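If you read the sequences in order, they're chains F and L. Just so we're aligned, residue 0 is where the first sequence starts under numbering that gives the first Met the number 0, counting upward by one. Just so we're aligned, residue 0 is where the second sequence starts under numbering that gives the first Met the number 0, counting upward by one. Just so it is clear, CB atoms sit at the ideal spot from N, CA and C, and this is done for glycine as well. Just so it is clear, the structure is predicted and the values come from calculations on it, not from any experiment.
2 protein chains.
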Amino acid sequence: MASKSKVTISDVAQAAGVSNSAVSYALNDKPGVSESTREKVLKVAESMGWKPNSAAKALSDASTRTIGMVIVTDSRVFAVESYFMELLAGLGEELEYNDYSLLIRVVNNPDSAMRIHRNWIAAGSVDAMIVLNVEIGDSRIELYKQHPEVPVLAIADPSVTKGLPAITSDDTYGSRLIVDYLHELGHKHIARVAGPERYAHTFIRDRAFMAEASAMGMRCDSLHSDYSPEQGRDCTNRLLAFADRPTAIIYDNDVMAVEGLHVAQEQGLIVPDDLSIVSWDDSFACTATTPSITALWRDIPRLGSKAVPMLLKMINGEPVENIMESPYEMRQRGSTGAPNAVSDDE
Amino acid sequence: MASKSKVTISDVAQAAGVSNSAVSYALNDKPGVSESTREKVLKVAESMGWKPNSAAKALSDASTRTIGMVIVTDSRVFAVESYFMELLAGLGEELEYNDYSLLIRVVNNPDSAMRIHRNWIAAGSVDAMIVLNVEIGDSRIELYKQHPEVPVLAIADPSVTKGLPAITSDDTYGSRLIVDYLHELGHKHIARVAGPERYAHTFIRDRAFMAEASAMGMRCDSLHSDYSPEQGRDCTNRLLAFADRPTAIIYDNDVMAVEGLHVAQEQGLIVPDDLSIVSWDDSFACTATTPSITALWRDIPRLGSKAVPMLLKMINGEPVENIMESPYEMRQRGSTGAPNAVSDDE
DNA sequence: TTGTAAGCGTTATCAG
DNA sequence: CTGATAACGCTTACAA
């Protein structure tokens, strides 16, 4: 019982009657050992239940087979949850296939996050890092620019990563998809409840919405929020208070979209006749409401899967191309339709 | 630029003009070094930007400051997401405070999971493991019983962990809370759409529901599901098809509860008058529906926080007591009320 | 109080 | 093709 699991390479070597290094070569499929001894070694190692010791390997060749990720949660904002889990699922499958693990730290403020990044870099705890939720002038980007020895992949638009490799979904395209969809329905005046201004992707979406709206001859108001349900309600109230109110509101997450729908209904508005509602990012919550909420779906797991080959290349020292994905789909549901007050233009 | 971050203990020793071991002692707050040299060493180490190399430390003292967790996702069932993220948040904060990280692997089938468990045990990749979603006769429990050298904490009822340390929320108590609540509302015939039978917690809830219902003189039907929206609909349809249908249905997750609500409404039933609906586990989706769904809330992050001290004790070789938490709260919302057909008893 | 040196399990170099 | 042997960076007896 309890095979004390302390079988080392030397044990195997002794048992097989060969040298230490012969075993290492055999086990790692490297040249420098005859086919016959290789087979013998493999057999013995197998039967003794040898497994590589991760610490020793890491110390010896400075590789950990580990990818690091520090997640900053606002603790109150659970909107990121589903994004993160989907990403994790995509990453997990590919990483698993390549025998890599994820080293994760969850913290609630950016300073702790920076401390951990610094420690991991110095301690050599990971072979590569993934950086999420990049902000304008993100200090993590600066940090890694100073440490070219550790590969970093930013899940962010290349325009904000200062040359660091990046993979992202094309938010400009996504924004257009939504605006065009509403335009076709006949909307002339839309509004957007965006996420926090500091996030790069918020900025990119802001710009894309404005550009596409004006290209279509539409007006687009915009408010920034912290993704919370409270601000979802608040922003909706403010947008609806204007005499000249928008006929459609796009929310930067599902949580705020649901709250927005509720606010509109509480004010006696009919959705979608009086107001159309769209959520950026689909989730189960969007199907729970009445009417259900039209959403821009993204294949987030796919983003995760595609990130892995990039990471592996980077770890190998090979150059990588940035990836810009467009895994979108407008999921049309009951919360959107033609505005009922388009008479003034026809 | 690019401080090549390769400052070792010997570098510090040389710079400080002391020996290798003196530095180690000083840096680790251990006796065997004078106060003056300790100070000097600390100052030099700080100025040189020394950070411990994790691999070397791990190899030397067989500790990784890492807790492992293998998550098996059904990939289609995202219901676990929020549970998992909340747990992670709770764990993360405490672990961070104690300078531990989480090593995570996400896989989609139990066999890969077992492979990883075996590898991590043999490779000494972690100081301790957390095991989730324990099943009846779980092979992971068997595995760790054979490896007493690696500490494991099961997030499960102690009755199914065969002596391994466990922390859990008291699902028996939670079940009672729900049944009693419905009983007080006047329900006599309730039903339950449970999770998969293989999970230990499903079994425990099953038993608790039956016991409490019969203690209250109520009837309680029960169906098992896979947590998916489809089966949520399906089970609801089957329960409502009976001439003598229940006046309340409890679902083992929020996803099925939402689907159940929709099915009932599609059949023209008024919720809660014709049918009350309760969700085990609260989430944002429960507040998105009309009416919103009454849910049994659990403080899951707290469970995560409380798990950490147990893990640390176990790593230290100290004995631990199992923990049984009752962090529940019935969140009463619009989906529950008195049944409208209680006339036959009064 | 200090320094020296052995060992942790691998990989990699360099003789044989 | 094989087998000693020296790294890797740290901890920890043990000697001085």
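Any Cβ of chain L closer than 7 angstroms to the Cβ of F:A287 would place that residue at the interface, and such an atom is present.
For L:D156, the secondary structure class from DSSP, reduced to helix, strand or coil, is coil. Pairing L:K39 with F:R114, the inter-Cα distance amounts to about 24 angstroms. Per DSSP, the unbroken beta strand (DSSP E) holding L:M329 starts and ends at Y327 to R330. Listed as beta-bridge partners of L:R218 by DSSP are L:H188. Bounds of the beta strand (DSSP E) holding L:L295 are T293 to R297.
Taken atom to atom, the span from the alpha-carbon of F:H223 to that of F:D169 is near 20 angstroms. According to the DSSP assignment, F:S33 belongs to no alpha helix (DSSP H), since it is labelled neither H nor E. Taking every protein chain shown into account, the CB of L:N52 has 16 or more other CB atoms within 10 angstroms, so this residue is buried.
Around the CB of L:E141, fewer than 16 other CB atoms lie within 10 Å, so the residue is classed as exposed. Nearest C-alpha to F:D156 among F:L176, F:P147, F:D272 and F:I135: F:I135. L:S18 carries a coil assignment under DSSP once its states are collapsed to helix, strand and coil. In the three-state reduction of the DSSP assignment, L:H182 falls in the helix class. Contact between L:D126 and L:T63 holds: their C-beta atoms lie close to 5 angstroms from each other, under 8 angstroms.
Judged by beta-carbon spacing, L:V277 lies within the 7 angstroms limit of L:I249, meaning their Cβ atoms are closer than that value.
Nearest CB-CB separation between L:E95 and chain F: below the 7 angstroms threshold.
Among the CB atoms of chain F, one or more fall inside 7 angstroms of the CB of L:T72.
Its chain contains V257 and L260 as the residues whose beta carbon lies nearer than 7 angstroms to that of L:T288, once the 5 sequence neighbours on both sides are disregarded; these appear in chain order. With a 10 Å radius around the Cβ and a threshold of 16 neighbouring Cβ atoms, L:D205 comes out buried. Contact of L:E92 with chain F by beta-carbon distance below 8 angstroms involves V105, V106 and N107.
By the CB criterion at 7 angstroms, L:E93 and L:S304 fall inside the cutoff. Distances from the CA of L:G123 to each of F:R117, F:P147, F:L184 and F:A57 were compared; the closest alpha carbon is that of F:A57. Residues of the same chain with a CB within less than 6 angstroms of the CB of L:L90, apart from the 5 flanking positions on each side, are G303 in chain order. Check the Cα spacing between L:E34 and each of L:A21, L:S46, L:A44 and L:E45: the tightest is with L:A21. Put simply, the CB of F:F208 is far from chain L, with every gap to its CB atoms at 7 angstroms or more. When beta bridges are read from the DSSP output, L:H223 appears opposite L:A193. For L:L58, the nearest CB of chain F lies under 7 angstroms from its own CB, placing it at the interface with that chain. In the displayed model, L:W119 falls within a helix according to three-state DSSP.
The Cβ atoms of L:S334 and L:T293 lie closer than 7 angstroms to each other. F:V159 sits away from F:M128, with the two beta carbons spaced by 7 angstroms or more.
The C-alpha of L:G31 is placed about 45 angstroms away from the C-alpha of L:F83.
N118, I120, A121, A122, G123 and S124: these are the residues of the stretch 114–126 of chain F whose beta carbon lies less than 7 angstroms from some beta carbon of chain L, given in chain order.
With a threshold of 7 angstroms between beta carbons, L:K42 makes no contact with chain F. Secondary structure at L:R104: strand, using DSSP grouped into helix, strand and coil. When rounded, the separation of the alpha-carbon atoms in L:T167 and L:S174 is 14 angstroms. Contact check for F:F283 against L:A284 passes: the beta carbons are separated by less than 7 angstroms.
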